[in-house]
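Worksheet for the structure shown next.
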Amino acid sequence: MPADELTPVQRAASYLRSLDIDGQSWITGVAINGLLAEGGDESVERAKHLVDTAVATQNDAGQLSYGPSYPIEVFSHGREYEASWELTVKKCMNTNNSTAIGHGVLDFYDRTGEDRYLDAAERAYESLLSFERTEDGGIPHHDPELAGIKSLWIDSVYMMCPFLARYGAAGGDADAFDEAVEQILIHAAHLRDGHTGLFRHIWVEQPNHYPQGAFWARGNGWAAAASADVLERLPEDHPKRDDLLDLFRSHCEALRPLQDGSGFWHNLVDDPHTPLESSGTLMFAYAFARGIDLGILTEETYRQPAEDGLAAVSRVVGEEGTVNRVAGPPGGPEAPLTDTPYGQGWFLMAAAALD
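Numbers in our numbering are just positions in the sequence shown, counted from 1, shifted up by 6.
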């Protein structure tokens, strides 16, 4: 079919399939989730290749896709961050990002029943449990031994927690469900602002401070999407299900009125002077749609904002399938807008959730 006859979803999926993203840790994980959400034969085949590579290169510690990775090259944001931000971003290996690929690993276990996928997921799960934690049990985003500090990033709740819940379901492990909920709640205790209901990006335990404390769109998207995905699999009788439900609903209530009239949310969701941004918009659309499907958000309140968000981003999908206006890594207040594999993945996930 000629490119000009393809839908934005078809163009975005085709472009994502063409990218060389083996071994890019969480970026690969989000791309896999997007390809599987789109669900066409070519997308599933490409996702399987990425998953199989991640499993084949799982390191001795159990971390997928060549093990812990130094962060990919980041864009210059035109400003200096505090020393602890520079340290955590530039010098320290991620501890938990590779489990973003674990979602896809367990998807192919469900599809095939092959034990190699469940075995790889079990090793990744055990790896997560081995990391040195904050005083109240939070799993740091980076290796504390290398960093000299323990920091919690809101990114981690999406990298870890849906994987933990899915592993709990696949492996029949009640402790994994407990860990999935506990990590979201611990991260929320430190990163969620009590006045606005919004999430900050990074908290450092010692000294207790926020090297990056803005209400960043994608950071809030990580929290909303992770909560929806965990609630999908969390047993109805789990003792902390209501706590997570309350957190998810109140977060969505805080986000909804901040949507711009264009359908987008801003890169800093509470600052209309910052750019309109695609990845956070897509993640909110996804979370709202998943909440409706799960019966925990009302359709009359959340369907239209979700559809408006997806429609807004659809208008900035390029002819080649690039999903534009995505804040570049590692995000934050002055990240430039570009296109990225995770932006492609979130577009496909949001579109599937609203289909």
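Built from N, CA and C at the ideal position, the CB exists for glycine as well.
Computed from a predicted model, the values in this text were never measured in an experiment.
- [ ] Use the C-beta contact count for D116: other C-beta atoms within 10 angstroms, 16 or more gives buried, fewer gives exposed.
- [x] Indexing the sequence shown from 1 puts residue 116 at position 110. Result: exposed.
TODO: Identify, in the order they occur along the chain, each residue of the same chain with its Cβ nearer than 7 Å to the Cβ of I298, setting aside the five sequence neighbours on each side.
DONE: As a first step, residue 298 must be located in the sequence shown, where it is residue number 292. Taken in chain order, the residues that qualify are E305, Y308 and R309.
Open item on the list: Using a Cβ-Cβ cutoff of less than 6 Å, which residues in the same chain neighbour A318 once the five nearest sequence positions on both sides are dropped?
Closed with: Here residue 318 corresponds to residue number 312 of the sequence shown, with the count starting at 1. Here the set comprises S268, G269 and F270.
Task: A195 classed as buried or exposed, judged by whether at least 16 other C-beta atoms fall within 10 angstroms - done: Counted from its first residue, the sequence shown places residue 195 at position 189. Exposed: under 16 other Cβ atoms inside 10 Å.
- [ ] Output the residue ranges of the beta strand (DSSP E) runs that lie fully inside the region 293–355 and measure 3 residues or longer, sorted by chain position.
- [x] none
TODO: Would you check if the distance between the CB atom of R206 and the CB atom of G219 is smaller than 7 Å?
DONE: Sequence index remark: in the sequence shown, residue 206 carries index 200 (1-based). Sequence index remark: in the sequence shown, residue 219 carries index 213 (1-based). Contact: yes.
- [ ] Confirm, please, whether the CB-CB distance from F183 to L204 is below 7 Å.
- [x] Position 198 of the sequence shown, counted from the first residue, corresponds to residue 204. Position 177 of the sequence shown, counted from the first residue, corresponds to residue 183. No, these two residues do not count as a Cβ contact at 7 Å.
Open item on the list: I want to check one thing, is the minimum distance from the CB of F290 to the heavy atoms of the ligand GTP below 6 Å?
Closed with: The ligand GTP is not part of the structure shown, which contains no ligands of any sort.
Open item on the list: Pairs of beta-carbons, one from the region 155–173 and one from the region 127–146, closer than 8 Å: are there three or more?
Closed with: yes
TODO: Identify whether H201 lies in helix, strand or coil by the three-state DSSP scheme.
DONE: Against the sequence shown, residue 201 aligns to sequence position 195. The answer is coil: DSSP assigns H201 none of H, G, I, E or B.
Open item on the list: Bridge partners for E283 per DSSP, in chain order?
Closed with: The residue given as residue 283 occupies position 277 in the sequence shown. BP columns for E283 point to W271.
TODO: Look up P168 in the DSSP assignment and say whether it is helix, strand or coil.
DONE: Looking up residue 168 in the sequence shown gives position 162. In the structure shown, P168 sits in a helix (DSSP, three-state: H, G or I).
Open item on the list: To the nearest angstrom, how far is the alpha carbon of L191 from that of L282?
Closed with: Working through the sequence shown from its first residue, we reach residue 191 at position 185. Working through the sequence shown from its first residue, we reach residue 282 at position 276. Looking at the two C-alpha atoms, the distance is approximately 29 Å.
Open item on the list: Is it buried or exposed, Y348, if we count other Cβ atoms within 10 angstroms and call 16 or more buried?
Closed with: The residue given as residue 348 occupies position 342 in the sequence shown. Label assigned to Y348: buried.
TODO: Tell me S157's beta-bridge partners as DSSP assigns them.
DONE: In the sequence shown, counting from the first residue as 1, residue 157 sits at position 151. Per DSSP, V210.
Open item on the list: Rounded to whole angstroms, what is the Cα-Cα separation between P150 and L41?
Closed with: Taking the first residue of the sequence shown as 1, we reach residue 150 at position 144. Taking the first residue of the sequence shown as 1, we reach residue 41 at position 35. If I take the Cα positions, the gap works out to 33 Å.
Task: Buried or exposed by the 16-neighbour rule on C-beta atoms within 10 Å, applied to A287 - done: Along the sequence shown, one-based indexing puts residue 287 at 281. The residue you asked about is not Ala; residue 287 is Thr in the sequence shown. So T287 counts as buried.
Task: alpha helix (DSSP H) runs contained entirely in the region 233–273, provided each spans 4 or more residues - done: 247–261
TODO: Please work out which residues of its chain come closer than 8 Å, Cβ to Cβ, to V332, disregarding the five sequence neighbours upstream and downstream, and give them in chain order.
DONE: Taking the first residue of the sequence shown as 1, we reach residue 332 at position 326. Correct list, in chain order: E283, S284, S285, L343, T344, D345, T346, Y348 and G349.
Task: Inter-residue Cα distance where the pair is K54 and A291 - done: As a position in the sequence shown, residue 54 is number 48, starting the count at 1. As a position in the sequence shown, residue 291 is number 285, starting the count at 1. If you take the alpha carbons of K54 and A291, they lie about 26 Å apart.
Open item on the list: Assuming H215 is part of the alpha helix (DSSP H), what are its boundary residues?
Closed with: Residue 215 sits at position 209 when you count from the first residue of the sequence shown. No alpha helix (DSSP H) contains H215, which is instead part of the beta strand (DSSP E) from H215 to Q218.
TODO: Kindly give me the distance between the Cβ atoms of S162 and I145, rounded to whole angstroms, as I take these residues to be in contact under 8 Å.
DONE: Working through the sequence shown from its first residue, we reach residue 162 at position 156. Working through the sequence shown from its first residue, we reach residue 145 at position 139. S162 to I145, Cβ: 7 Å. Contact.
Task: Contact set for L300: own chain, Cβ-Cβ below 8 Å, skip 5 residues either direction - done: As a first step, residue 300 is located in the sequence shown; it is residue number 294 there, counting from the start. A234, L237 and E238, listed in sequence order.
Task: Whole-number beta carbon distance between G334 and A341, since they are thought to touch under 8 Å - done: Counting from 1 along the sequence shown, the entry for residue 341 is found at position 335. Counting from 1 along the sequence shown, the entry for residue 334 is found at position 328. Confirmed, Cβ separation roughly 5 Å.
TODO: Can you check DSSP and say which residues form a bridge with W32?
DONE: In the sequence shown, residue 32 corresponds to position 26, counting from 1. Answer by DSSP bridge pairing: none, since W32 is not bridged.
Task: Alpha-carbon spacing of S31 relative to L240, whole angstroms - done: Looking up residue 31 in the sequence shown gives position 25. Looking up residue 240 in the sequence shown gives position 234. Going by the C-alpha atoms only, they are around 25 Å apart.
Open item on the list: Do V329 and A18 count as a contact pair if the criterion is CB distance below 7 Å?
Closed with: By one-based count along the sequence shown, residue 18 stands at place 12. By one-based count along the sequence shown, residue 329 stands at place 323. Going by C-beta atoms, A18 is nearer than 7 Å to V329.
Task: Top-ranked residue by Cα proximity to G46, from Y72, Y131 and Q16 - done: On the sequence shown, residue 46 is found 40 positions in, with the first residue counted as 1. Here the closest residue by C-alpha is Q16.
TODO: Going by DSSP, name the residue or residues bridged to W222.
DONE: For this step, residue 222 is matched to residue 216 along the sequence shown. Answer by DSSP bridge pairing, in chain order: L274.
Task: G119 - DSSP class collapsed to helix/strand/coil - done: The residue you call residue 119 lines up with position 113 of the sequence shown. DSSP places G119 in coil when its eight states are reduced to three.
TODO: Ignore the nearest five residues each way along the sequence and tell me which others in R172's own chain have a CB closer than 7 Å to its CB.
DONE: In the sequence shown, residue 172 corresponds to position 166, counting from 1. Excluding residues within five positions, the ones whose Cβ falls inside 7 Å are H109, L112 and R239.
- [ ] Within its chain, find whatever has a CB closer than 6 Å to the CB of E11; leave out the 5 residues flanking it on each side and keep chain order.
- [x] Locating residue 11 in the sequence shown gives position 5, counting from the first residue. Answer for E11: no residue qualifies.
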